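S.K.:
Numbering (the working numbering), first residue to last: -6 to 104.
#1: Would residue 71 be called buried (16 or more neighbouring beta carbons within 10 Å of its own) or exposed?
#2: On the CB-based measure, 16 or more other CB atoms within 10 Å of its CB, does residue 65 come out buried or exposed?
#3: Is the stretch 32 to 51 touching the stretch 69 to 84, taking contact as three or more C-beta pairs under 8 angstroms?
#4: Check the C-beta distance from residue 86 over to residue 4 and give it rounded, since I have them as a contact under 8 angstroms.
#5: Tell me which same chain residues have a C-beta within less than 7 angstroms of the C-beta of residue 34, skipping the five on either side of it?
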């Protein structure tokens, strides 16, 4: 995996837009699940389970959404893998970057 890729100004805009959209999707899914859990809560124990769920989700999102150019290939691959991003949203990135992402996805599909 090549972590020393150069990003043009237009690629940076595409990357930022895709990253922000994926974050919005992830947060939206978390919010929907939180609302369901909160409406289903019936006990004090349920309340604390919701808190635990939110803490876990916060950690997961904070770890996954790393907007450093040296990490974006892996981040985008993981976001696609987890259903937060579609590869078509990365249209505008160079062929070498998109190929690195596909390579990442293929490697993880075999693992």
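C-beta: ideal position from N, C-alpha, C; glycine also. All figures in this text were calculated on a predicted structure; none of them were measured in a lab.
M.R.: Checking against the coordinates, here is how it stands:
#1: buried
#2: buried
#3: no
#4: 5 angstroms
#5: 40 and 43
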